[in-house]
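First the structure, in the form of structure tokens, and then the observations on it.
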Amino acid sequence: MTEATARKPRIPIPGVAWLLIALVAGFSIGAPGFASGANVSNITQQATVLLLLALPMTLIIMAEGLDLSMGASLSLCTVVLAATSLATGSLALGIAAAIVTGTLIGVLNGALIAWLDLPPFVVTLGTLGVAQGLALLVAEGRGTTGVGGGLSSLWTGTVLGLPIPLLFAVGAWAVFHVLLHHTRFGVAVIGLGGNREALRLAAMPVRGSLIAVYALGGFFVGVAALLLAGRLDGGHPTAAIGTEFDAIAAVAVGGTLFEGGKGSLGGTVLGVLTVGVMRNGMNLMSMPSSLQVAAVGGVVIAALLIDAVRGTPRAEPA
Amino acid sequence: MNRTILAGALALCTLSIAHAADERIAVFTKNQTNPYFQVVRMGADSAAKQMGATTTHYIPTKPDSIPEQLSLIDDVVIKKPSAIVFTPVDYKAMGAGVAKMNAAGIPVVNVTDRSENGKFVAFVGSSDYELGKVTGRYLLQTMGGKGNVVILEGVKGSLVSSDRVRGFQDALKEFPNVKVLASQPGNFQRLQALQVMENLMQTYPQIEGIMAANDSMASGAIEALEGANRKSLVIGINGTKEAIDAIKAGTLLATGDYNGYLQGCVSTMVAIRELRKLPVPKEVVFPATVVNKSNYLPLDVPLDSRACPKWEDVVKS
Amino acid sequence: MNAVATNLSLTPEQRAVLSRVLVLILLGAGIAFASSTFLNTGNLLNLLRQASLIFLLASGLTLVVLCGGLDLSIGANVALSACLAATAMKATGSPLVGCAAGAACGLAVGTVNGLLVTRVRIPPFIATYGTLWIIHGVTYWYMAGESVHGFPPAFRALGSGYWLGVPVPVYLMGIVLVLGTFFLQYTAWGQEIYATGANTEAAALSGVPVLQRRLLVYVLSGGMAGLASLVFLARLNSAEGDMGEALTLQAIGAVLIGGTSLFGGSGSLTGTLVGALILTAVLNGMNLLGISANWQPLITGLIVIASVGADALSRRRRSD
Amino acid sequence: MSAVARRPIEPLTAAAPAPLFALKGITKRFAGVTALDDVSLDLHGGEVHMLMGENGAGKSTLMKVLCGAYRSDGGSFEADGRPVTVTSAADARRLGVAVIFQEYSLVPHLDIAHNVFLGREPRGRLPGLIDHARMHREARAVLDRLGLDLDTRRTVEGLGIAQQQMIEIAKALSQQARILVLDEPTAALSDRETERLFAVIGDLRRDGVAMAYISHRMAEVFTLGDRVTVLRDGRRIASMPAGEATADELVTLMVGRKVDMSYRRDDRPAPGARVLEMRDVSATSGIHDVSLHVRVGEIVGLAGLVGSGRTEVARAIFGADAVTSGTIRIDDRVHRGGPTQARGHGLGLIPESRKQQGLALSRTVGDNLLVAGLRRLFPSSLYRPGRAHEHGASMISRMRIATRGPRQVSRNLSGGNQQKVVIGKWLLAGTRIYLFDEPTRGIDVGAKEEIFRLIDQLVKDGCAVLMISSELSEIVRVCDRAYVMKEKRIAGELSQAELSETNLLRLAMHHD
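Residue numbers (the working numbering), protein chains in the order written: chain A, 415 to 732; chain B, 3 to 319; chain C, 11 to 330; chain D, 6 to 517.
Shown next, in the form of structure tokens:
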């Protein structure tokens, strides 16, 4: 374990940590019911879908990549899940279809980026369009509900008293922690961001790793689709529009650099929670929605501002 | 400038009294950008004020975001308001959310968009289909029952859009001599409607009538016509302030009155009456009325000076 | 490694632009083949007018991207600027005051972005994403869900007027294209922007005031958003809180399809113009052919990938 | 290289008859350009095979082929006399080939141990997982062998360029290679680390490892080499036992024409006024109370071990790092502010790493030549591409830059020519005070002499030069005076009379 901790790229506590502490403290006093158990499980549950995108996004960004297609792809997966389940009458098939769809889009991203070495921003902006288009076409622009077959229990159900989404989130975090800190794949990810020539000379599969990172992202988009579909009890072609930007913001707020293989999964978790806590707290305090919109941006900038002031090393603005 | 002050005041009062009164109504609307929902919110506010209750508004930060409205529901259930006035951002996807409110034992009144699933005290709204039908019919009559029309649809897949368009089409059935040149989505957006019209006008030199599924698209179409120095009769639906002005200016033939303000008022009244154990109808659907040059005056007043009618005047059991 | 850019008679920029023009021509030919009306002067003028809006916005963004940055807030900036301009115009009845308000707002937002990126050193993507939300919030609060509409004809001419049979925005587009290209190709500032984008550190160590240049491009981008907001407002004759939201991705698309590299240091406004035209032609064609709007994102996405992918392949052919 | 001389390496005992590894008639082309043309090379166990040649002669390409980074377009390989194929880095590794690369192949945010074992991480008990304990243990051992006392858990980010090179070496050593390729390993090393490396090379030779060693330093050929092979324009020109070679002969073979290495500072008129002066300058980069001055018409050396703060001094003068105390005067006027102001005062910096700091590789030679001079050549800020092209073209011919003209992309130039572009950039900017940071690193002999002459010409024309170099011999040959740095401070100044490698070294070395 000591190795593992030492292995981690040294990241000072990101500013977002202080921000989160401040928010929690503030809301516990100011917002009725904020500290209640029910509300805490609310916040965590609401954060899970975003977290399932933000964790792989962390690795992708560490590998000097970006995935703008996640939101659209997530919507598509929910649609595919609903459509397949209704068509075949088997939820299992629907789930499989959703995960396959997500992974395929991830592989497509990775392949285009690795083989044509195109800028990830462009490729994934393109696949964003493709996924969004497919979702709209498959669902004919409207949502599908009444899948049944216990789909909604994916969101509401509990195992050993723990909400299933929470288990998904914890499981995902564990997977990513091991991948990043205890496997060659993790080394490759850091190398992709730090020095690809080095990987090449060390006979490590550069393109393979690149594709794998995006495929992994796609896979977890598929997994997130299970939760979202469970929450909607169906699929919707625009349900997750723009989620990728929230994920990227959470990653950056968490202190992961946009250049050169330096990142922190823990920071990402904090980033996701902070935005969630802020929205939830402001709702409980019945703050006007317009203020909430501004606050989202405020959190993002504040976190990086704190880092800047505290002189946390950051990548040169890209 | 006065708008700022107004908005500020709104924000303040909602903030300050939120905890004071004991009848707290949580009002859910789809977004904070579409003027229509602002009208609904103001109706709700004035109704609450008249009856001595307070309202708090819950609006997704991303317009019409399904996950966000679901989260809003989670959070509101924690706050346990006395009652909820609810517009689903999507008529199909909110079932789970409504179920959660029901489970929490909070009475929910469904307003404007009829939610496909969930248990409600009542539905308050207007019939999109009827509105489409009567407003469309009015246009076709004015056209003298002949000529070419173009339909501007809303967001594909949205119930509002499909119902209104269905209304248009059934109205058209009554006028066999009218030809439908095209029926294209403008996604309820002004700019898209504008550009769609510009493009269509290239293909069709003769367009006598334009049926827009909402007022924004109607004014988009009007801009397009003016840009091309062409004339045709345009109708919209919703009866927004802008539409009324356009009718005054003579650029818009008519708009179907969606009664946003009334919907706000009545839905909130129903919620409060339910709390006070007063009788409430299961459904309040406002008669579809066409607003045109002859009858727009009552609607042509600044929102903040409007007041909710008496319950008895609206609901004659 | 020893490979050498072939055919020195064309710079990479020029080669990229030419390939885009080719794509545009093929696309146009395709649509014209399917719909006779596509090539009507009227329709082509429409195309130009619709493209002009995207271009005005994308031109500022092009500078930012050339300088190695990114600006996600332009759409939100358009909304806020337009709303301010609208209310100012309503309050004073003077188009000039309105325009001043819109332009000022645009520039202000651009300056804030610039400072966040250059002084606080927040990565552009995040900084401008943050301001995007803040601007939206301010706009929503300011408009309180209402809309402002009905402006003096003199102002509306800016968006929907004609001069010598050509829409006014098209002239604006031409002016911006010429001035912008001149600025980039024929002034020291332009050269310094390219240099900064290509290798910021080397530029700085060559005495190029990189911080000022980076700040400058964000301010300009904000200014262009301000200008675009005015045209937009004049065109719609109405201001709402959510106007312009859809424009950001379109502008980014135009820049990328136009062949400007996100790595900075290479690209051109002409390319962006062609990019904007391609995007608009797709929309226009879909309306003319009555294709469901659901297809639009799919098609746009494919075009983005295809155009940039083509570049990559040709690059690969040229170097090993 | 007196430092090395003190630790002579015992001469070679009988080399193994069959070469450990042999390249036969290797050919490599890039987009039509032939980089290697039918090159053969034998690597014998216990032998150091020196590879010499100008930049672009094909040395590095040959090495990349040998280690599988490039696929050869023709030719074959033999290991212990048996034919083998090398088409990937993995193949080469399996055959026991390890390479110490010139460009650092380290990953900044990985710790030292991970870099040393990159791609060879010891597997743990659970499948797929890395055994960190073992990895760090083994890394520790290798570092100790190189006398490198760095924590193996430290990320390599922020390590000095010399330490990075040492880790490169550790990486290669840890592979227990039978064939070790060293591509200019000492280019970045100070003499102290060089000494250490040579000792290790001696051990490896005794262990029977076959080594191929690329170098631009004559001294190394004779202190280390058992056999020399000279490459020119991708062809093998000659191979001979190192003993039989002479410096002049080798240079002639490499350059293909006669170059006189006899460049000596011919007497220049006495230096004029102080144009540049630092008084007790400390900077955020860590340098302390640095005081020095440079006069018109003189070349002042700035020596010291790598990491002693030489580059930081240059950056402080140029305004690239913030000065915290002390004053910098130019022409007796206090100079503050960043590079832009510095350029305005006639300063020019030729930075340490051309590729990262000197050039925009993606832009054309012309663009790079013009970037610093824009303000001077186009005072109105109106940029005229036509005139710019002329300026570029004239500078290309004046600097004898081997390129097809201002519109060629800089990435495709050889190291020496890229360096000339960087210098030309400042000539066009009308620079009076030049700060050269390792101007000849990784540059072949011919180009080196050219650059020395150029510097000489500059000072003759009334410019002032401050030159940083790790090659003491260079300082001695080229400079009129020199300052020596140690631990971020000026350790002393040597007048022309005192200027000698031993004196420089004495001031530079740590006495601990």
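Just so it is clear, CB atoms sit at the ideal spot from N, CA and C, and this is done for glycine as well.
None of the values given here were measured: they were computed from a predicted structure.
Looking at the DSSP output, TYR439 of chain D shares a beta bridge with D:GLY353 and D:VAL470. For the set B:ARG139, B:ALA105, B:GLN197 and B:VAL91, the Cα lying nearest the Cα of GLU118 of chain B is the one of B:VAL91. Under the DSSP assignment, GLN52 of chain B falls in the alpha helix (DSSP H) whose first and last residues are 37-53. Cβ neighbours of GLU282 of chain D within its own chain (closer than 6 Å, five residues either side excluded): HIS298 and ARG334. According to DSSP, residue pairing for PHE659 of chain A in a beta bridge does not occur. Fully contained in the region 250-302 of chain B are the following alpha helix (DSSP H) runs of length 4 or more, in chain order: 262-277. At a cut-off of 9 Å between C-beta atoms, HIS596 of chain A counts as an interface residue with respect to chain D.
Leaving aside the five residues that flank TYR206 of chain B on each side, the residues in its chain whose CB is nearer than 7 Å to its CB run, in chain order, ASN150 and LEU183. Excluding residues up to 5 positions away in sequence, ARG486 lie with their Cβ nearer than 8 Å to the Cβ of SER500 of chain D in the same chain.
Cβ-Cβ distances below 6 Å link THR199 of chain D to THR191 in the same chain, with the five nearest sequence neighbours on each side left out; the list follows chain order. Under the DSSP definition of a beta bridge, GLU498 of chain D partners with D:TYR488.
Counted as a single uninterrupted DSSP element, the stretch harbouring GLN186 of chain B is not any alpha helix (DSSP H) but the beta strand (DSSP E) occupying residues 180-187. In the DSSP assignment, LEU185 of chain D falls within the beta strand (DSSP E) that extends over 184-188.
Taking 9 Å as the cut-off, the beta carbon of THR316 of chain D is found no closer than this to the beta carbon of SER287 of chain D. Around the beta carbon of ILE185 of chain C, fewer than 16 other beta carbons sit within 10 angstroms, so the residue counts as exposed. DSSP places ARG300 of chain D in the uninterrupted beta strand (DSSP E) bounded by 295-300. In its own chain, leaving out the 5 sequence neighbours on each side, no residue places its CB closer than 6 Å to the CB of VAL176 of chain C.
Sequence-distant Cβ neighbours of ALA398 of chain D in its own chain, meaning closer than 6 Å and more than five residues away, are PRO411. Assignment of beta-bridge partners to PRO246 of chain D by DSSP yields D:ARG232.
Just so you know, the alpha carbons of SER248 of chain C and PHE242 of chain C end up roughly 9 Å apart.
Residue pairing of TYR218 of chain D in beta bridges, as defined by DSSP: D:MET55 and D:LEU187.
Here PRO384 of chain D is not bridged, per DSSP, to any residue. With respect to GLY262 of chain B, THR291 of chain B sits apart: the two C-beta atoms are not nearer than 9 Å.
Straight-line measurement puts the Cα of GLY677 of chain A at about 11 Å from the Cα of GLU478 of chain A.
The region 560-647 of chain A contains no complete beta strand (DSSP E) run of 3 or more residues. Of the candidates D:LEU379, D:VAL91 and D:ASP442, the residue whose Cα lies closest to the Cα of GLY349 of chain D is D:LEU379. For a Cβ distance threshold of 8 Å, residue set LEU615 of chain A lies close to PHE106 of chain D, ordered along the chain. Looking only at A:MET699, A:LEU687 and A:PHE672, the smallest Cα-Cα distance to ARG131 of chain C is reached by A:PHE672. Boundaries of the alpha helix (DSSP H) around ARG168 of chain B: 161-175. As for any alpha helix (DSSP H) of minimum length 4 sitting wholly inside the region 91-152 of chain B, the runs are 97-105 and 130-144, ordered along the chain.
By the criterion of a C-beta distance shorter than 7 Å, LEU594 of chain A is surrounded in its chain by LEU473, GLY600, VAL603 and LEU679, once the five residues flanking it on both sides are discounted. For THR492 of chain A, the uninterrupted alpha helix (DSSP H) run begins and ends at 484-502, by DSSP.
Interface annotation for the region 124-135 of chain D against chain A: GLY124, GLU126, GLY133, LEU134 and ILE135, criterion Cβ-Cβ distance under 7 Å. Looking at the DSSP output, PHE26 of chain D shares a beta bridge with D:LEU48 and D:ALA84. In summary, VAL427 of chain D is buried, with 16 or more beta-carbon neighbours lying within 10 Å of its beta-carbon over all protein chains present. Between GLN24 of chain C and chain D, the shortest Cβ-Cβ separation is not below 9 Å.
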